[in-house]
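Peer 1:
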Ligand code: MG
Ligand code: MG
């Protein structure tokens, strides 16, 4: 069931989203060669807690950390640990915060020092595909109008979109209906209504769209070990268009 949020609920989600957006801005400054991914997790958890929120992911389905940190060929659900970031890596950080009964959810892929031209292009196309997609996040449109636009944009750039994992509705739970795929024909799925809040999150691979899960039970990697990037924001559908709740300008 898709829950539609009222004005007051969206106001709270704006606050939850702001905490997520600020956490990611803080992390962007911390990402550099020599940094252990566990330290990024600590920084995020402290920041989120200091702002009266809780990390959404810690304990969610048993996930061990506050952030998902996925490096290079890792797509999503990597967990922070002793890995030391090195020059040329790309690192996807997915962050959620629970504030006053509601969640915010967003992800970015950052470059670590100087990265290859192709890696930077992957990051840029992934981010841009989100912005192309949300042009269609308007009341009256169909959900997969967003999906189709993201896929078209990504594939025109020569990359592929992950099929096995998708975006989602968000609110009192991190994962609510509907699923928000980053691929498919337009004009399908539910009609978008004012008050729907969606986590729209293209996951884009440099090679095949196929992925697999490592033996740790969590970390999703590209099947061909090509690089992968992720860009996500929590987006509210309002009467005058989409509002991005997790992006601080
Ligand atoms: Mg996320
Ligand atoms: Mg999400």
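Numbering (the numbering used here), first residue to last: 1263 to 1511. A virtual CB, placed ideally from N, CA and C, is assigned to each residue, including glycine.
(1) To the nearest angstrom, how far is the alpha carbon of residue 1481 from that of residue 1273?
(2) Judging by CA-CA distance, which residue of 1459, 1401 and 1397 is the nearest neighbour of residue 1415?
(3) Could you have a look at residue 1279 and say whether DSSP puts it in helix, strand or coil?
(4) For the segment 1497 to 1507 and the segment 1467 to 1475, state whether three or more C-beta atom pairs, one from each stretch, are separated by less than 8 Å.
(5) Which same chain residues end up closer than 8 Å to residue 1443 when comparing Cβ atoms and leaving out the 5 residues on each side of it in sequence?
(6) Would you report the Cα separation of residue 1464 and residue 1391, rounded to the nearest angstrom?
(7) With a floor of 3 residues, list each beta strand (DSSP E) that falls wholly inside the segment 1428 to 1469, ordered by position along the chain.
(8) Using 7 Å as the cut-off, classify the Cβ of residue 1430 as near or not near the heavy atoms of ligand 2, replying yes or no.
(9) Taking 7 Å as the cut-off, is the C-beta of residue 1426 nearer than that to any heavy atom in ligand 1?
(10) Is residue 1376 near ligand 2, judged by its Cβ being under 7 Å from some heavy atom?
(11) Flag this pair as yes or no: are the beta carbons of residue 1352 and residue 1491 separated by less than 8 Å?
Peer 2: The answer reads as follows:
(1) Spanning the two alpha carbons is a distance of roughly 34 Å.
(2) Restricting attention to 1459, 1401 and 1397, the CA atom closest to the CA of residue 1415 is found in 1397.
(3) Correct three-state label for residue 1279: helix.
(4) No, the segment 1497 to 1507 does not touch the segment 1467 to 1475.
(5) The beta carbon of residue 1443 lies closer than 8 Å to those of 1406, 1409, 1425, 1428 and 1429 in the same chain, with the five residues before and after it left out.
(6) Annotation: residue 1464 to residue 1391 spans about 7 Å, alpha carbon to alpha carbon.
(7) Whole beta strand (DSSP E) segments, 3+ residues: 1429 to 1431, 1438 to 1442, 1459 to 1462 and 1465 to 1467.
(8) Flag set: Cβ of residue 1430 near ligand 2.
(9) Checking the Cβ of residue 1426 against ligand 1 gives no.
(10) Not so, every heavy atom of ligand 2 lies at least 7 Å from the Cβ.
(11) Against a cut-off of 8 Å, the Cβ pair of residue 1491 and residue 1352 comes out as a contact.
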